[in-house]
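Asks: Quick note: the sequence shown uses the numbering used here, first residue 22, plus one each step.
Every residue, glycine too, gets a C-beta built ideally from N, C-alpha and C.
Right, I'll just put the structure down here and ask away after.
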Amino acid sequence: MDPTPLLTTFSLIALAEFGDKTQLAVIALSARYDRRKVFTGVIFAFALVTGLGVLVGDVLFRFIPQDVIRILAGLLFVVFGALMLLSKESCETGETKPIGNPLLSAFSMIALAEMGDKTQLSAITLVAKYDSPYLVFTGALLALGLISLLGIFLGKKLCEIVPLAKIKLGAGAMFLLFGILFLAGF
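Structure follows, in structure tokens:
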């Protein structure tokens, strides 16, 4: 078994989500509600959204020529990298307070935030590129779970430890690098 799809997915998704709006939402939710319920809701949301992305990527792989997928994936990653480098997210979590059950609030907030987000689109393109839906799904879910746990345990201190500007710079550069590698045929 080639671990490349798992490791690539884990690395890209972890860097992309570190300091992202979703992690900030997890921080905000965990500051107000039971951390286990928040984490459970978050993981269910990530599993649903990532699973849908993996299914779409698997279908793309079967019907679209590999060269077209490689070029599209490369372009998407370059766009994600550029958008990440240009984004204006901060460490402020805002005043959004979900209502009702913490598990359902976390699930619905994260599922809606991630639908069509760069991590879901990344999972789609990585499955289409590597034809390894299970490894991409596993890598994405592990990365999203780890980043969520960091957000839950470190809370607002996270941005004091690693400035968001550096997180975004590293993640944006990695997306650009992978996009260029995909376009070059690697």
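Can you find a heavy atom of the ligand NAP that lies under 7 Å from the Cβ of GLY193?
Replies: In terms of ligand content, the structure shown is empty, and the ligand NAP therefore cannot be addressed.
Asks: Using only alpha-carbon positions, find the residue among ARG83, GLY62 and MET105 that is nearest to ILE34.
Replies: Closest option to ILE34, Cα to Cα, is MET105.
Asks: Note down the Cα distance separating ALA94 from LYS150, rounded to an integer number of angstroms.
Replies: 7 Å
Asks: Are three or more beta carbon pairs between the stretch 59-71 and the stretch 96-105 nearer than 8 Å?
Replies: No, they do not touch.
Asks: Suppose you measure from the CA of LEU69 to the CA of LEU175; what does that come to, to the nearest Å?
Replies: Cα-Cα distance, rounded: 25 Å.
Asks: Below 8 Å between beta carbons: does that hold for SER51 and ILE173?
Replies: Contact: yes.
Asks: Just curious, the alpha helix (DSSP H) that GLY172 is in, first and last residue?
Replies: 154-175
Asks: At the level of alpha carbons, what is the spacing between LYS42 and PHE203?
Replies: 26 Å
Asks: Is the beta carbon of PRO154 sitting closer than 8 Å to the one on VAL100?
Replies: no
Asks: For the putative contact between PHE199 and PHE98, defined by C-beta atoms under 8 Å, what is the C-beta separation to the nearest angstrom?
Replies: 5 Å
Asks: So which of MET22, PRO26, PRO24 and VAL47 has the shortest CA-CA distance to GLY166?
Replies: With distances taken between Cα atoms, GLY166 lies closest to VAL47.
Asks: Measure the beta-carbon distance from LEU147 to GLY78 and round it to whole angstroms, keeping in mind my assumption that it falls under 8 Å.
Replies: Confirmed, about 7 Å.
Asks: Taking GLY137 as the reference, give the member of LEU125, PRO26 and ALA66 with the closest Cα.
Replies: ALA66
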